[in-house]
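Here the working numbering is used: position 200 in the sequence shown is 192, and no number is missing along the way. From the three backbone atoms N, C-alpha and C, an ideal C-beta is built for every residue, glycine too. Please read the structure below before turning to the comments.
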Amino acid sequence: MAKEQASIITIFGGSGDLARRKLYPSLYQLYHRGVLKQHFAVIGTARRPWTNDYYHQIIAESLQDEPNTDAESVRDFASHFYYQSHDVTDSDHYVTLKNLSSKLDEEYGAEGNRLFYMAMAPRFFGTIASHIKSEDLFSKTGYNRLIIEKPFGRDYATAKELNDSIRAAFDEDQIYRIDHYLGKEMVQGLLALRFTNPLLTPIWNKDYIANVQITLAESVGVEERAGYYETAGALRDMVQNHIMQLIAYVAMEQPESFTPEHVHAAKNKLFSHLPVLSAEQAAKDWVRGQYAAGNGQPAYCDEDKVDAGSQIETYVAGKVELDDPRWVGVPFYVRTGKRLPRKTTQITINFKSMGQNIFDTVGCAEARTNRLTVYVEPEQGYTLTLNGKTLGANYELEQHDLDFRQQQADIDAAPEAYERLIRDALSGDQTNFTRWTEQKYTWQYIDAIRQAWDAGASLTKYAAGSNGPAAADELLARDGFEWAEQFK
Ligand code: BG6
């Protein structure tokens, strides 16, 4: 049985897209599973002057395609929601929020717990945090926690500024920085795979692994988010956060235990081994592209709200080399892009060859290398590729796949990333959130690439629906490798 969590949850950006697409459905599933029951209320705030009734309609609409819903449950769930029109710069409005929180706390028995959720344009995060402090919205009897959405800055300097502004109001152990990839089943499953299998653990290093590949491919374009994307691009949008976090889970040492302290210590240590890239190295090891028209899809530059001469990248591929003794000489090739042939998130571990072929005496060609592929989404599971003998009189080798895939029905029934992360925040578990130091290291690494690009490295075009720029293949070919996933 799920443990019920009592809380007053205040969502800044309550009328926004993220709240409707992710937060309300996730909160509903937590309600369905009994994590939220009677002792909770949600205050949605935004500029628009909505009534509570209208807000309840919005909540119901956001749940239209959700599983586990029925009219009565949706009505009861929505009755816990209160709308408060809010100007983030107006101190008086925070006093109103404070009073409403106290009133609702008494009414619902929320045990003095406060969860603040920043789900609006990041330029307001600092202002909101400082008002929460100055108008003293903190509860004195329960917890005070802050969930903060990405983007967490757009380079190291702005990330630090943002961090300083929220740290002026909240302690590090009260801050839950979301990276929704950390809430994904197979990302968490990666740790189980690595740290529970004696078959894998001893060979997870430079002596046995030739290279690691991480692919986050999307078939969608920029959709209606061009306003934000034009200020970000794929490097900031996907590499600084999601890809870097995946690298950490693939490469970090085994944490002493599965607690926030030990997991973050292991990640931190790993990130401290991200090298400082010279401009030359960054330009050599990182390629970028932008989708042009193709396969009936428009070019990025022709999308709504995109500058016709935009130099923003919608594709990135790069080589990360960690200066960690465990990984010296092992390239981590990463790539992500929009308008690629299909959506797939996968991690491939390519093992080294045996270096010896005892079967050459019977005319047998050298064995191919072993490979472990972790499918994060949409498929979830893994494949271990081994060598075996073909059936027959001759001694010939072939590759055999040991496959495991989760069933779609089980995937559908499992909590979605946001649901899992909000539940973690409600129960005070910071394991699957990012710490400031992780942001610091990853931004410093990313900044060097950005600067090299800004100094003139070229942006190539790729046709929408194609595999991306050829330069991404050359990046591996140079080292004698190729991408395991060819989007055939
Ligand atoms: C977000 C990015 O963080 O992740 C989006 O801002 C991207 O641009 C999305 O589409 C991908 O997430 P997922 O869970 O669909 O792989």
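Exercise for the section: Indicate whether V308 and T337 have their beta-carbon atoms separated by less than 8 Å. Expected result: no
Handout entry: Residue environment, G306, which counts as buried when at least 16 other CB atoms sit within 10 Å
Key = Gly is not the amino acid found at residue 306; the sequence shown has Thr there. So T306 counts as buried.
Exercise for the section: Leaving out five residues on either side along the sequence, give the residues of the same chain with a beta carbon under 6 Å from the beta carbon of Y23. Expected result: F69
Exercise for the section: Report yes or no: do three or more beta-carbon pairs, one from the region 164 to 174 and one from the region 280 to 294, lie closer than 8 Å? Expected result: Touching, no, given that fewer than three Cβ pairs across the two stretches are closer than 8 Å.
Exercise for the section: Within the same chain, show all residues whose beta-carbon is closer than 7 Å to that of G225, passing over the 5 residues directly before and after it, in chain order. Expected result: I304 and E305
Handout entry: Bounding residues of the alpha helix (DSSP H) (the contiguous stretch that carries K432)
Key = It spans W428 to D446 - the alpha helix (DSSP H) in which K432 sits, taken as one unbroken run.
Practice task
Would you list, in sequence order, the uninterrupted beta strand (DSSP E) runs of no fewer than 3 residues that lie entirely inside the region 235 to 287?
Solution key: 278 to 284
Practice task
Give the secondary structure of D97 by DSSP, where H, G and I count as helix, E and B as strand, and everything else as coil.
Solution key: helix
Practice task
Output the residue ranges of the alpha helix (DSSP H) runs that lie fully inside the region 142 to 178 and measure 4 residues or longer, sorted by chain position.
Solution key: 148 to 159
Practice task
Please report the Cβ distance between W278 and I441, rounded to the nearest whole angstrom; I am assuming they are in contact, meaning their Cβ atoms lie under 8 Å.
Solution key: 5 Å
Practice task
Measure the C-alpha to C-alpha separation of A469 and Q21 and round it to an integer number of angstroms.
Solution key: 46 Å
Practice task
Select from N60, P114, A444 and K90 the residue whose C-alpha is nearest the C-alpha of A275.
Solution key: A444
Practice task
Determine the contact status of L364 and L376, defining contact as a CB-CB distance below 8 Å.
Solution key: Cβ atoms of L364 and L376: closer than 8 Å.
Problem - Cβ shell of E53 (< 8 Å), same chain only, five flanking positions each side left out - result: Around E53: R12.
Practice task
Compute the Euclidean distance between the alpha carbons of T452 and L418, then round it to the nearest angstrom.
Solution key: 45 Å
Exercise for the section: Could you please give the first and the last residue of the uninterrupted alpha helix (DSSP H) stretch that includes L468? Expected result: A463 to A469
Handout entry: Limits of the unbroken alpha helix (DSSP H) element including T119
Key = F117 to S126
Exercise for the section: Taking only heavy atoms of ligand 1 into account, decide whether any of them is closer than 7 Å to the Cβ of E408. Expected result: no
Exercise for the section: Pull up the distance between the alpha-carbon of K132 and that of L28, whole angstroms please. Expected result: Taking C-alpha positions only, K132 is separated from L28 by approximately 22 Å.
Practice task
State the Cα-Cα distance for the pair R39 and T434, rounded to the nearest angstrom.
Solution key: 34 Å
Practice task
Taking only the alpha-carbon atoms, compute the straight-line gap between R106 and I403 and give it to the nearest angstrom.
Solution key: 31 Å
Exercise for the section: Please say whether K14 and Y410 have beta carbons closer to each other than 8 Å? Expected result: yes
Practice task
Below 6 Å CB to CB, which residues in the same chain sit around A121 once its five sequence neighbours on both sides are set aside?
Solution key: S157, I158 and A161
Practice task
Consider the C-beta atom of T337 and the heavy atoms of ligand 1; say whether any pair is separated by less than 7 Å.
Solution key: yes
Practice task
Inspect the CB distances between the region 107 to 114 and the region -3 to 8 and report whether three or more fall short of 8 Å.
Solution key: yes
Problem - Three-state secondary structure assigned by DSSP to M346 - result: Looking at M346 - three-state DSSP - the assignment turns out to be coil, as it is neither helix nor strand.
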